[in-house]
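Take a look at the structure set out below.
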Amino acid sequence: MNPEPAHPVQPVQPVHLAGPRLRSEPAVLYRELRREYGAVAPVLLDPDIPAWLVLGYRELHQVTGDSMLFSRDSGLWNQWHRVPHDWPLLPMIGRGHSSVLHTAGERHHARVAVIGGALEAVDPFELRAHAERFADELIDAVCADGQTDLVAHYAALLPVRVLATLYGFADEQGPGLVAALNDMVDGREDALAGQLHVAASMARLVADRAARPADDVVSRMLASGRTAAGPALSHEEITQDLIVMLTAGHQPTAGWIGNSLRLMLTDARFAASLLGGRRSVAEAMNEVLWEDTPTQNVAGRWATRDTWLGGRAVRAGDLVLLGIQAAHHDPQVRTHGTALPGGNSAHFSFGHGEHRCPFPAQEVAEVVARTGVEVVLDRLPDLDLAVPAASLIRRASPWLGGLTTLPVRFTATRPLNR
Numbered sequence: 006m007n008p009e010p011a012h013p014v015q016p017v018q019p020v021h022l023a024g025p026r027l028r029s030e031p032a033v034l035y036r037e038l039r040r041e042y043g044a045v046a047p048v049l050l051d052p053d054i055p056a057w058l059v060l061g062y063r064e065l066h067q068v069t070g071d072s073m074l075f076s077r078d079s080g081l082w083n084q085w086h087r088v089p090h091d092w093p094l095l096p097m098i099g100r101g102h103s104s105v106l107h108t109a110g111e112r113h114h115a116r117v118a119v120i121g122g123a124l125e126a127v128d129p130f131e132l133r134a135h136a137e138r139f140a141d142e143l144i145d146a147v148c149a150d151g152q153t154d155l156v157a158h159y160a161a162l163l164p165v166r167v168l169a170t171l172y173g174f175a176d177e178q179g180p181g182l183v184a185a186l187n188d189m190v191d192g193r194e195d196a197l198a199g200q201l202h203v204a205a206s207m208a209r210l211v212a213d214r215a216a217r218p219a220d221d222v223v224s225r226m227l228a229s230g231r232t233a234a235g236p237a238l239s240h241e242e243i244t245q246d247l248i249v250m251l252t253a254g255h256q257p258t259a260g261w262i263g264n265s266l267r268l269m270l271t272d273a274r275f276a277a278s279l280l281g282g283r284r285s286v287a288e289a290m291n292e293v294l295w296e297d298t299p300t301q302n303v304a305g306r307w308a309t310r311d312t313w314l315g316g317r318a319v320r321a322g323d324l325v326l327l328g329i330q331a332a333h334h335d336p337q338v339r340t341h342g343t344a345l346p347g348g349n350s351a352h353f354s355f356g357h358g359e360h361r362c363p364f365p366a367q368e369v370a371e372v373v374a375r376t377g378v379e380v381v382l383d384r385l386p387d388l389d390l391a392v393p394a395a396s397l398i399r400r401a402s403p404w405l406g407g408l409t410t411l412p413v414r415f416t417a418t419r420p421l422n423r
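Residue numbers (the working numbering): 6 to 423.
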């Protein structure tokens, strides 16, 4: 039971989560929301659809750890009657989705086991080799120019190329998948078209691998799905789970690489940590997940009954958004805001509770992100920001916190040609 607060809670005026401030100064916005509303703030999603944004670390731990009270079943939402059929945020909310994100209990655990088993079978040396090869190819394409955009021409391309290879996509499908995934997650006018492109591409791959299995993630999931606990997983269920895996594996990892490089170029504390030696890269990148996690907010959880959360009266069916970046800077758990968290891995960047990112998926993301940063350090050692740090623009997405561009300059070199 969550007891009612001892003092009456005054009505609060929700604020729009989207807007220019989320792009220009998200940390300031989250601080102001916390100062105004406390650990849980009322927010509006375009067009004026209400939700709760969890800002407190302890409250976020509570929500993600109690799947009985805060469910992933989007069918519980009490605002569906207000949602347009072409709502750009719909792909990330998940109405009618049958993916692993929206299941619970034994069925959820069975599907997580199929995903984990397929990714766990990925050879770590092969994974590292794929990541290095694609990273070198991307650097080769720009190294002779002496300048590039490390988001558009590197970070935004690397993870999906690695994942596409692991899944079984042809190399030429990578650019289209990148564009579609960006549109889907940004939640703007092309979001639904991006979702359709990804879904159609994945369905074709699943059908092909069902007919002609190979040594890849999709084939392993199809094989494991036939013997999963309970009823066998359908091709539709496997397709939905693969879309989730691709989206969660590419976008946050691309943002992780981009945010790491940004901090290296703009934050002296982080640069000293990252450049302290190759053995410190993993720890330095863990700090990025605290300082500027690529997944800022997550949709979401839905209250299964009336309850209290952070002093707010949450009603049955209310949407609760997970404010990961805000929780990482909660002053109650990070009393010294200027101190880097070092080896502390108690962040929410990979989730928490029943719907935490499977460990093999975390390992894949970590290898790809770390390799991406290490290749840049090796190939472009005198890298420098080509524009004022204040002019860097973040994505307009209410969910992701990565940059749209990261212009840099460096000493031109010859490609490796390998």
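Backbone N, C-alpha and C define an ideal beta-carbon position, used for all residues, glycine too.
Please return the same chain residues whose Cβ sits closer than 6 Å to the Cβ of residue i, not counting the five positions on each side in sequence.
i: R39; result: L60
i: D311; result: R320 and A321
i: A304; result: M97, I98 and L326
Please report the straight-line C-alpha distance between residue i and residue j, rounded to a whole angstrom.
i: S402; j: P412; result: 20 Å
i: L94; j: A196; result: 7 Å
i: L58; j: V378; result: 32 Å
i: D188; j: Q330; result: 22 Å
i: F174; j: V167; result: 10 Å
i: H86; j: D272; result: 46 Å
i: R26; j: Q301; result: 14 Å
i: P180; j: L162; result: 8 Å
i: P260; j: L397; result: Reading the sequence as shown, one finds Gly at residue 260 and not Pro. Going from the Cα of G260 to the Cα of L397 covers about 14 Å.
i: V380; j: V88; result: 44 Å
i: L238; j: A277; result: 48 Å
i: S72; j: D323; result: 14 Å
i: A395; j: A289; result: 23 Å
i: P299; j: R28; result: 13 Å
i: H113; j: A126; result: 20 Å
i: A32; j: G328; result: 11 Å
i: F75; j: Q67; result: 9 Å
i: A44; j: R339; result: 14 Å
i: N83; j: F139; result: 45 Å
i: I120; j: P393; result: 42 Å
i: A253; j: G316; result: 32 Å
Rounded to the nearest angstrom, how far is the Cβ of residue i from that of residue j, given a contact under 8 Å?
i: G122; j: S224; result: Wrong, their Cβ atoms sit about 12 Å apart, outside the cutoff.
i: E64; j: L314; result: 6 Å
i: H357; j: G151; result: 43 Å between Cβ atoms; not a contact.
i: W307; j: D78; result: 6 Å
i: L227; j: R214; result: 6 Å
i: S3; j: D246; result: The chain is shown only over 6 to 423; residue 3 falls outside these bounds and no answer can be derived.
i: T410; j: A118; result: At roughly 40 Å, the Cβ-Cβ gap does not stay under 8 Å, so T410 and A118 are not in contact.
i: A1; j: L124; result: Outside the modelled stretch of the chain, which goes from 6 to 423, sits residue 1, for which no answer is possible.
For residue i, count the other beta carbons within 10 Å of its own beta carbon; 16 or more makes it buried, fewer makes it exposed. Which is it?
i: M207; result: buried
i: V369; result: buried
i: T416; result: exposed
i: E292; result: buried
i: A318; result: exposed
i: D191; result: buried
i: R231; result: exposed
i: P386; result: exposed
i: Q337; result: exposed
i: L201; result: exposed
i: A205; result: exposed
i: F364; result: exposed
i: F275; result: buried
i: P257; result: buried
i: R384; result: buried
i: H12; result: With a pLDDT of 39 at H12, under the threshold of 50, the predicted position of this residue should be treated as unreliable, though the coordinate-derived value follows. So H12 counts as exposed.
Might you give, ordered along the chain, the residues of its own chain that have their beta carbon closer than 8 Å to the beta carbon of residue i, omitting 5 neighbours on each side?
i: R133; result: V372 and T376
i: E111; result: A234 and G235
i: L106; result: R77, G99, V249 and H360
i: R116; result: V105, T108, A233, L238, E242 and D246
i: P129; result: E368 and V372
i: L405; result: V190, D191, Q256, P257, G260, P299, T300 and Q301
Taking 7 Å as the limit between beta carbons, can you name the residues of its chain near residue i, skipping five residues before and five after?
i: R361; result: F355
i: P47; result: V17, P19, P55 and W57
i: T170; result: H135
i: H255; result: P164, V165, L168 and L186
i: A219; result: G173
How about residue i and residue j: are their beta carbons less than 8 Å apart?
i: R414; j: G407; result: no
i: E296; j: L268; result: yes
i: Y42; j: H334; result: no
i: D145; j: L421; result: yes
i: G263; j: L143; result: no
i: S440; j: L279; result: Because the chain in this structure spans residues 6 to 423, residue 440 falls outside the shown range and cannot be described.
i: E222; j: T244; result: It is worth fixing the name first, because residue 222 is Val in this sequence and not Glu. No.
i: T445; j: A149; result: This structure does not reach residue 445, given that the chain is present from 6 up to 423, and the question cannot be answered.
i: L50; j: L81; result: no
i: A374; j: F353; result: no
i: V203; j: L270; result: no
Please confirm if residue i has its CB atom under 8 Å from at least one CB of chain C.
i: R26; result: Of the protein chains in this structure there is only one, and it is not chain C.
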